[in-house]
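Under numbering that gives the first Met the number 0, the sequence shown has 91 at position 92, and the numbering climbs by one with no breaks. All C-beta atoms, glycine included, are put in the ideal place defined by N, C-alpha and C. See structure below.
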Amino acid sequence: MAQMHEIKGWCPTAYRPMATGDGLLLRLTPNWTGLSPQQLVAITETSLKFGNGQIDLTQRANLQIRGIESDHYLKALESLITHDLIDASEPSKQPANILISPLSSLKQNKKLTARALALELNQLLLQNNLTKKLPSKFLFCINDCDKLSLYSIKSDILIDISEDEKTYLILANDYYNPLCIDQRDSLTSAIELTKRFLDLTKDNEFVFRRMHYLTEKIGIHNFLQPLSLKITPRKKDFKTTKDTYLGEIKNNDDYFIGVSAPSGSFNAAQLQDFSQILIDHKSQNIRLTPWRSFLIPIHNVKQKQKLLDEMKDLMLITSQDDPRLALIACPGAPKCSQAYGKTEEVLERLSSYGEYFSSHKDVSVHISGCTKGCVKGDQTPLTITLTDQGYNIITNGRADSAPTYQAISIDDIDRYLKHHLSILEPL
Numbered sequence: 000m001a002q003m004h005e006i007k008g009w010c011p012t013a014y015r016p017m018a019t020g021d022g023l024l025l026r027l028t029p030n031w032t033g034l035s036p037q038q039l040v041a042i043t044e045t046s047l048k049f050g051n052g053q054i055d056l057t058q059r060a061n062l063q064i065r066g067i068e069s070d071h072y073l074k075a076l077e078s079l080i081t082h083d084l085i086d087a088s089e090p091s092k093q094p095a096n097i098l099i100s101p102l103s104s105l106k107q108n109k110k111l112t113a114r115a116l117a118l119e120l121n122q123l124l125l126q127n128n129l130t131k132k133l134p135s136k137f138l139f140c141i142n143d144c145d146k147l148s149l150y151s152i153k154s155d156i157l158i159d160i161s162e163d164e165k166t167y168l169i170l171a172n173d174y175y176n177p178l179c180i181d182q183r184d185s186l187t188s189a190i191e192l193t194k195r196f197l198d199l200t201k202d203n204e205f206v207f208r209r210m211h212y213l214t215e216k217i218g219i220h221n222f223l224q225p226l227s228l229k230i231t232p233r234k235k236d237f238k239t240t241k242d243t244y245l246g247e248i249k250n251n252d253d254y255f256i257g258v259s260a261p262s263g264s265f266n267a268a269q270l271q272d273f274s275q276i277l278i279d280h281k282s283q284n285i286r287l288t289p290w291r292s293f294l295i296p297i298h299n300v301k302q303k304q305k306l307l308d309e310m311k312d313l314m315l316i317t318s319q320d321d322p323r324l325a326l327i328a329c330p331g332a333p334k335c336s337q338a339y340g341k342t343e344e345v346l347e348r349l350s351s352y353g354e355y356f357s358s359h360k361d362v363s364v365h366i367s368g369c370t371k372g373c374v375k376g377d378q379t380p381l382t383i384t385l386t387d388q389g390y391n392i393i394t395n396g397r398a399d400s401a402p403t404y405q406a407i408s409i410d411d412i413d414r415y416l417k418h419h420l421s422i423l424e425p426l
């Protein structure tokens, strides 16, 4: 039987940090305009002065600083406010969870862009007093690019900006049954949907903390029944797998370099060197992706190769073929107080198998410190879940799925992989 763990039901922010096994975890949400190298330097300095030097990229394109001591929290907050990384206003005015296309606003033939809509949507949510009422995991996505689109992201409300002057509102990733809206009405319609969600969940906020829990329970037509919004079936090939987000990326006439670190986890010294390289190259507007990577704008071919070489020298991931990309692990113990052991030790032990899994060009091995699976909530070809009795092996499942083998040792995992690699199928 899977162990029960405390599901927090909320996400940390700068003004509401989360206590973890290694101190306070403070999460930064960039305001959809990208980061400057100077801001990245400020983040690393804050981490080194007041935290434990560990900085993570998250699957919602946020940055989080780990290990902040309670006595130093206010100083860390002040440091981040000074560098415009968080708003100095009261916590109730902090931004909503809005994720935009990483390549938004780049010479597209669209009157509206995801970046512009995100700023306006955030203001409307604040004006209607909705942001603080929404569950903290509730996610808006705004998509305006086919390249690095957000179709693979689990959203509650997705605003999909089309080339035909139409905007489609998609609830709980039901791509083929969207609401077709005139672009001028897209945000007011999104607000209507948000209010309807809150009305229906006010007595069961935790149970229905995501849109899909609600629509699966009552049906999408019942959800929409009092609203003047109708489903318009849409025929389109929705690519719900990730595009290449590492290495060289071209979008129209713009070029980027995509860079990451194993499990999206950087140490502050490494990120400091990374930031200095960007300063030297005069790079600005560094974008974050929900695939735990940075996108660095580049200006010419010579700069591209030099940047790639410098990133490789920092031992960062710059290719979709990098074997380290195939394995992902949550922080584990002692960083997480709910983990049953040190996931980093398991990751190191299994790192030699990355070469095999790298052919899948995506995460193929998920190592989870408990059954919550915080670092990866969807299915993976192979998941290893730590328990109080040993390790569980789960094939084509999540951290809380029924195990193929349970309560085994790390040596057993080693033997399993050597025996089964030749027949293990990717999803």
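(message) Quick test of your reading: residue 97 and residue 79, contact by CB under 8 Å. State the CB separation rounded to the nearest angstrom.
(response) Contact flag wrong, Cβ pair sits at about 20 Å.
(request) Please name the residue, chosen from 271, 254 and 274, that lies closest to residue 296 on a Cα-to-Cα basis. (result) 254
(message) My parser needs the beta strand (DSSP E) runs of 3 or more residues fully inside the region 324-362; what are they?
(response) 326-328
(message) For a test of the three-state rule: what should DSSP assign to residue 406, helix, strand or coil?
(response) strand
(message) Just verifying my parser: in three-state terms, what is the DSSP assignment at residue 249?
(response) strand
(message) So for residue 372, helix, strand or coil by DSSP?
(response) coil
(request) Identify whether residue 214 lies in helix, strand or coil by the three-state DSSP scheme. (result) helix
(message) If you reduce the DSSP assignment to three classes, tell me which class residue 52 lands in.
(response) coil
(message) What residue range does the beta strand (DSSP E) around residue 158 cover?
(response) 156-160
(request) Within the region 66-107, note down every full beta strand (DSSP E) run reaching 3 residues or more, in order along the chain. (result) 97-99
(request) Quick one: using the 10 Å Cβ neighbour count with 16 as the cut-off for buried, is residue 425 buried or exposed? (result) Because residue 425 carries a pLDDT of 43, less than 50, the predicted location of this residue cannot be relied on, and no value is offered for it.
(request) Work out the CA separation of residue 226 and residue 327 for me, nearest whole Å. (result) 42 Å
(request) Return yes when the Cβ of residue 175 is within less than 8 Å of the Cβ of residue 150, no when it is not. (result) no
(request) State the beta-bridge partners of residue 296 as determined by DSSP. (result) 255
(message) Tell me the residue span of the alpha helix (DSSP H) that contains residue 200.
(response) 185-200
(request) Measure the CB-CB distance between residue 396 and residue 368 and report whether it falls below 8 Å. (result) no
(message) Quick check on the DSSP output: the alpha helix (DSSP H) that includes residue 385 runs from which residue to which?
(response) No alpha helix (DSSP H) holds residue 385; the beta strand (DSSP E) holding it covers 379-386.
(message) Quick check: the region 239-252 against the region 187-198, are at least 3 beta-carbon pairs closer than 8 Å?
(response) no
(request) With a threshold of 16 other CB atoms inside 10 Å of the CB of residue 18, please say whether the residue is buried or exposed. (result) exposed
(message) Using 8 Å for Cβ pairs, my map puts residue 409 next to residue 402. What's the rounded Cβ distance?
(response) With a Cβ gap of about 15 Å, residue 409 and residue 402 do not count as contacting.
(request) Under 8 Å by Cβ, that's how I've got residue 258 and residue 282 pegged, so tell me the actual separation to the nearest angstrom. (result) Wrong, their Cβ atoms sit about 11 Å apart, outside the cutoff.
(request) Report all residues from its chain with a CB closer than 6 Å to the CB of residue 37; omit the five preceding and five following residues, and keep chain order. (result) none
(request) State the Cα-Cα distance for the pair residue 23 and residue 270, rounded to the nearest angstrom. (result) 20 Å
(request) Look at the alpha carbon of residue 101 and the alpha carbon of residue 411, and state the distance between them as a whole number of angstroms. (result) 41 Å
(request) Could you tell me the distance, in whole angstroms, from the CA atom of residue 406 to the CA atom of residue 388? (result) 5 Å
(request) Would you kindly check if the distance between the Cβ of residue 39 and the Cβ of residue 316 is under 8 Å? (result) no
(message) Rounded to whole angstroms, what is the Cα-Cα separation between residue 13 and residue 164?
(response) 37 Å
(request) Just the C-alpha distance for residue 342 and residue 332, rounded to the nearest angstrom, thanks. (result) 7 Å
(message) Could you give the first and the last residue of the continuous beta strand (DSSP E) run that contains residue 391?
(response) 389-396
(request) Work out the CA separation of residue 153 and residue 479 for me, nearest whole Å. (result) Any answer about residue 479 is impossible in this case: the structure gives the chain only from 0 up to 426.
(request) Run the CB neighbour count on residue 205, radius 10 Å, all protein chains shown included, and call it buried at 16 or more, exposed below. (result) exposed
(request) Compare the Cα-Cα distances from residue 268 to each of 135, 314, 126 and 125 and report the closest residue. (result) 314
(message) Does residue 354 pass the burial test, meaning 16 or more other C-beta atoms within 10 Å, or should it be called exposed?
(response) exposed
(message) Here's a check: name, in chain order, each residue in its chain whose Cβ is nearer than 6 Å to the Cβ of residue 67, leaving out the five neighbours to either side.
(response) 22, 23, 25, 49, 50 and 75
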